[in-house]
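Following: one structure in structure tokens, then a few remarks.
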Amino acid sequence: MTNESLAELRIDLSVKSKNGIDFTLSAGIIWIIISWIWTLDFKSYDKSVFTFIIGALMMPLAFFLSKLFKTTWTNKDNPLQPLGLWLNFSQLFYFPFLIFSLIKFPDYFVMVYVIITGGHFFPYAWFYKTNLYAAFAGIISIGAMTLGLILPTEKMYFIPVFMSVSLITLTILLFFDSTKKKSSTLD
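Each residue of the sequence shown is one higher than the one before, counting from 0 in numbering that gives the first Met the number 0.
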């Protein structure tokens with residue numbers, strides 16, 4: 000396989016799946032709900048458990064948004080397509096650290112979850128042939144850590160707010176990126 004044919008496969012994924020905007024917008028909506036959870040008058044441990052539970056809405060919401068945006072989830076003609084699932088599974092290996100923070104430092108659970116989620120975006124920059132994922136992986140991870148260091152624990156809800164704003168911004172930029180690629184492939 001030549002570099003040119005590999006680039007074409009990556010652009011094909013980018014255009015047909017619209018850079019995964021169904022997932023990024025779904026996550027942005029879920030993180031809004033998580034930010035609300037972190038404003039509730041519950042123990043941090045309980046808010047962390049609710050955060051995990053609400054995360055279960057990710058796939059059904061992304062599936063609904065894929066129908067709305069007309070994105071392709073499975074492209075059998077593109078041999079790179081299964082890699083997207085593997086890239087997503089890679090974040091599961093960071094979950095022991097997340098569980099550790101849930102048990103030992105539940106006040107910072109949401110920060111750790113945002114850092115893991117943001118960091119797992121990095122390889123999607125290669126997958127979709129857009130540097131936006133790489134940039135936002137850094138912005139989200141470093142931004143969440145910075146907020147975690149400066150915010151009092153009762154204000155941790157600002158971290159999921161930051162995550163949601165970042166994801167919605169990323170979604171908009173990814174949409175324009177895939178639209179630009181689609182128009183250049185039609186030329």
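Just so you know, even glycine gets a beta-carbon here, dropped at the ideal spot from N, CA and C. Values in this document were obtained by computation on a predicted structure and should not be read as measured data.
If the five residues before and after threonine 116 are omitted, its C-beta is found closer than 8 Å to the C-beta atoms of Ala26, Gln90, Ile139, Met162, all from its own chain and listed in chain order.
Taking a C-beta distance under 8 Å as the contact criterion, leucine 56 and isoleucine 29 qualify as a contact pair. Proximity to valine 164 across Thr178, Val113, Ala124 peaks at Val113, based on C-alpha coordinates. Between the alpha carbons of phenylalanine 157 and leucine 185 lies a distance of about 42 Å. Threonine 23 places its beta carbon less than 8 Å from that of leucine 173. If you look at asparagine 74, you'll find it isn't in any alpha helix (DSSP H); DSSP assigns it neither H nor E. For leucine 97, the uninterrupted alpha helix (DSSP H) run begins and ends at 94-103, by DSSP. Judged by pairs of C-beta atoms under 8 Å, the region 102-111 touches the region 35-45, as three or more such pairs exist. Closest option to tryptophan 37, judged by alpha-carbon separation, among Lys181, Lys180, Lys154: Lys154. The alpha-carbon separation between serine 183 and glycine 137 amounts to approximately 28 Å.
Note that the C-beta distance between isoleucine 33 and threonine 50 is below 8 Å. Here serine 13 really is in contact with lysine 128; their C-beta atoms are around 5 Å apart, less than 8 Å. If you compare the alpha carbons of Ile53, Pro59, Val109 with that of leucine 148, the shortest gap goes to Val109. When the alpha-carbon of isoleucine 141 is set against those of Asn130, Gly118, Val160, Trp125, the nearest one is in Gly118. The DSSP-derived three-state label of threonine 1 is coil. The three-state reading of DSSP puts leucine 24 in helix, counting H, G and I together.
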